[in-house]
Amino acid sequence: DAKTTQPPSMDCAEGRAANLPCNHSTISGNEYVYWYRQIHSQGPQYIIHGLKNNETNEMASLIITEDRKSSTLILPHATLRDTAVYYCIVRDEGYGGSQGNLIFGKGTKLSVKP
Amino acid sequence: DGGITQSPKYLFRKEGQNVTLSCEQNLNHDAMYWYRQDPGQGLRLIYYSQIVNDFQKGDIAEGYSVSREKKESFPLTVTSAQKNPTAFYLCASNTPQKSLAKNIQYFGAGTRLSVL
Numbered sequence: 001d002a003k004t005t006q007p008p009s010m011d012c013a014e015g016r017a018a019n020l021p022c023n024h025s026t027i028s029g030n031e032y033v034y035w036y037r038q039i040h041s042q043g044p045q046y047i048i049h050g051l052k053n054n055e056t057n058e059m060a061s062l063i064i065t066e067d068r069k070s071s072t073l074i075l076p077h078a079t080l081r082d083t084a085v086y087y088c089i090v091r092d093e094g095y096g097g098s099q100g101n102l103i104f105g106k107g108t109k110l111s112v113k114p
Numbered sequence: 115d116g117g118i119t120q121s122p123k124y125l126f127r128k129e130g131q132n133v134t135l136s137c138e139q140n141l142n143h144d145a146m147y148w149y150r151q152d153p154g155q156g157l158r159l160i161y162y163s164q165i166v167n168d169f170q171k172g173d174i175a176e177g178y179s180v181s182r183e184k185k186e187s188f189p190l191t192v193t194s195a196q197k198n199p200t201a202f203y204l205c206a207s208n209t210p211q212k213s214l215a216k217n218i219q220y221f222g223a224g225t226r227l228s229v230l
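First to last, the sequence lines map onto chains A and B.
Per the numbering used here, the very first residue in the first sequence carries number 1; after that it's consecutive.
Per the numbering used here, the very first residue in the second sequence carries number 115; after that it's consecutive.
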């Protein structure tokens, strides 16, 4: 699996957009980019994923560069409840076994401040 | 509501004792996973199971054991051989699918294990 690089921490003002970057320069053609987040002392929560097109859902938007070597997760109007560690993961969509596993790095700790 | 239930939320282990962490899901998922998380670190895979009566070692299986007798349940035993068991343990499940599908894992709330 491709490795990802994320900044260890970021701050964002409440109500502003939070833009979380992720580098995945060794991503291969069949690997998806997934984003999860983990609020303190809870289990990780799925946010969004994409292959090459930009994606949007009720939680966030995912912007993937044309060369797919980096992506940005956008929380359009951050709230205090968005304070969490955000994980960027690349994984192929392979079936079963170890291909179903996700590899979580240290992520980015996002602090939303009033 | 559908989801994954882990119990207990907090667990204490004495030296030389085996303890078992429970994980139950009612999502009808085929695959289940156990992860360990140390403070300030990411998640590391302990064991996973794709189907009933089958499971595979993850990256850090030593000192742990699992069983998968029912689709809904995937208990993890932390044995006395695990010398540093203090951590946050997370259970997850999904149904890994073939192409064009989502490989989304759903997580429980976790069990925090400490050594007395």
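Glycine included, C-beta positions come from ideal geometry on N, C-alpha and C.
Since this is a predicted model, take the numbers as computed values, not measurements.
Counted within 10 angstroms of its Cβ, other Cβ atoms place residue i as buried (16 or more) or exposed
i	result
A:Thr108	buried
B:Tyr124	exposed
A:Asp82	buried
A:His40	exposed
B:Gly172	buried
A:Leu80	exposed
B:Ala195	exposed
B:Asn132	exposed
A:Arg16	exposed
A:Thr4	buried
A:Gly43	buried
B:Phe169	buried
B:Leu230	exposed
Residue-level contact to chain A via CB, residue i, 9 Å cutoff
i	result
B:Ala175	no
B:Leu141	no
B:Arg182	no
B:Gln219	yes
For residue i: DSSP bridge partner residues
i	result
A:Pro115	There is simply no residue 115 of chain A to check, as chain A begins at 1 and stops at 114 in what is shown.
A:Ser28	Answer is none; A:Ser28 lacks a bridge partner.
A:Arg81	Bridge partners of A:Arg81: none, in fact.
A:Glu55	A:Leu62
B:Glu129	B:Glu129 is not bridged to any residue.
Closer than 9 Å to chain B by CB, residue i
i	result
A:Pro7	no
A:His49	yes
A:Tyr86	no
A:Pro44	yes
A:Arg91	yes
Close Cβ partners of residue i (< 7 Å) along its chain, the five nearest in sequence each way excluded
i	result
B:Gly224	Gln120, Phe202, Tyr203 and Leu204
B:Gln151	Leu157, Ala201, Phe202 and Leu204
A:Ala84	Arg37, Gln38, Ile39 and Leu110
Same chain, Cβ closer than 6 Å to residue i, five either side skipped, listed in chain order
i	result
B:Thr134	Pro189 and Thr191
A:Cys12	Ala18, Ala78 and Val112
B:Val166	Arg182 and Lys185
B:Phe221	Leu204 and Ala206
B:Glu138	Thr119, Glu186 and Ser187
Where residue i meets chain D, residues with beta-carbon distance less than 9 Å
i	result
A:Gly107	The chain labelled as chain D is not found among the protein chains of the depicted structure, namely A and B.
Residues of its chain near residue i, where Cβ-Cβ distance is below 8 Å and the 5 sequence neighbours each way are ignored
i	result
A:Tyr36	Pro44, Gln45, Tyr46, Ile47, Tyr86, Tyr87, Ile89, Leu102 and Phe104
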